[in-house]
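S.K.: Please see the structure below; I have some questions.
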Amino acid sequence: MVYYIVGSLLLVATITDIFWRRIPNILVLIYFVSGIFVLHSDFLIRFCISLIIFSALYRLKFFGAGDVKLFSLIIGFLGVYEGINMSVIALIFAGAGALVYLIFSAQLVKRFNMLVNYCIRVLACGRLEKYGEYGLRDKHMMPMAPYFLAGFILWRCFC
125 MVYYIVGSLL
135 LVATITDIFW
145 RRIPNILVLI
155 YFVSGIFVLH
165 SDFLIRFCIS
175 LIIFSALYRL
185 KFFGAGDVKL
195 FSLIIGFLGV
205 YEGINMSVIA
215 LIFAGAGALV
225 YLIFSAQLVK
235 RFNMLVNYCI
245 RVLACGRLEK
255 YGEYGLRDKH
265 MMPMAPYFLA
275 GFILWRCFC
């Protein structure tokens, strides 16, 4: 039953992420309540801990707020081990998709230079900084939910 819940979460999140570039809080709330109803305190503990950990990625602007909530819901539902396994598969898909996008949009060299400059800034000041400032419709931002859906489908088929 949990896999159907996660699959439906990722399907709806994919649709909203593609069309509106956001994952609505009402969607997160609905699945949060269903997670507590189905899995009780186990879900709540996993969700809260992963939300705190992944919030650091949001603060550094590596991921959007919706992506962090999606990470947390997935780990809340699937558990730490299975949630991280599925997320790694999804992030591999996202990395491949980003590489293809950067190559075809002629941004690869520019983005690589941005990454090098970020690494130099971090090494120079000795602490992590924000990667960059982007708007919701910025061409550098890409929806992550479709990659999570693809990763979930592949994970369910082969793992």
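Mind the numbering: the sequence shown is residues 125 to 283 in this note's numbering, read in order.
C-beta: ideal position from N, C-alpha, C; glycine also.
Computed from a predicted model, the values in this text were never measured in an experiment.
1) Determine the direct distance from the alpha carbon of Leu-197 to that of Ile-176, and round the result to whole angstroms.
2) Determine the burial state of Tyr-205: buried for a count of at least 16 other Cβ atoms within 10 Å of its Cβ, exposed for fewer.
3) For a test of the three-state rule: what should DSSP assign to Lys-193, helix, strand or coil?
4) Near Ala-189, which residues of its chain fall below 7 Å by C-beta distance, leaving aside the five closest residues on each side in sequence?
5) Just the C-alpha distance for Ile-213 and Gly-250, rounded to the nearest angstrom, thanks.
6) Let me confirm a value: Lys-254 is counted as buried when at least 16 other C-beta atoms fall within 10 Å, else exposed. Which label applies?
7) Return the first residue and the last residue of the alpha helix (DSSP H) that Leu-175 is part of.
8) Would you mind stating whether Phe-156 and Gly-207 have Cβ atoms separated by less than 9 Å?
9) My understanding is that Met-210 touches Trp-144, with C-beta atoms under 8 Å, so please give their C-beta distance in whole angstroms.
M.R.: In this structure, then:
1) 12 Å
2) exposed
3) helix
4) Tyr-182
5) 31 Å
6) exposed
7) 165–183
8) no
9) Not confirmed; about 24 Å, so no contact.
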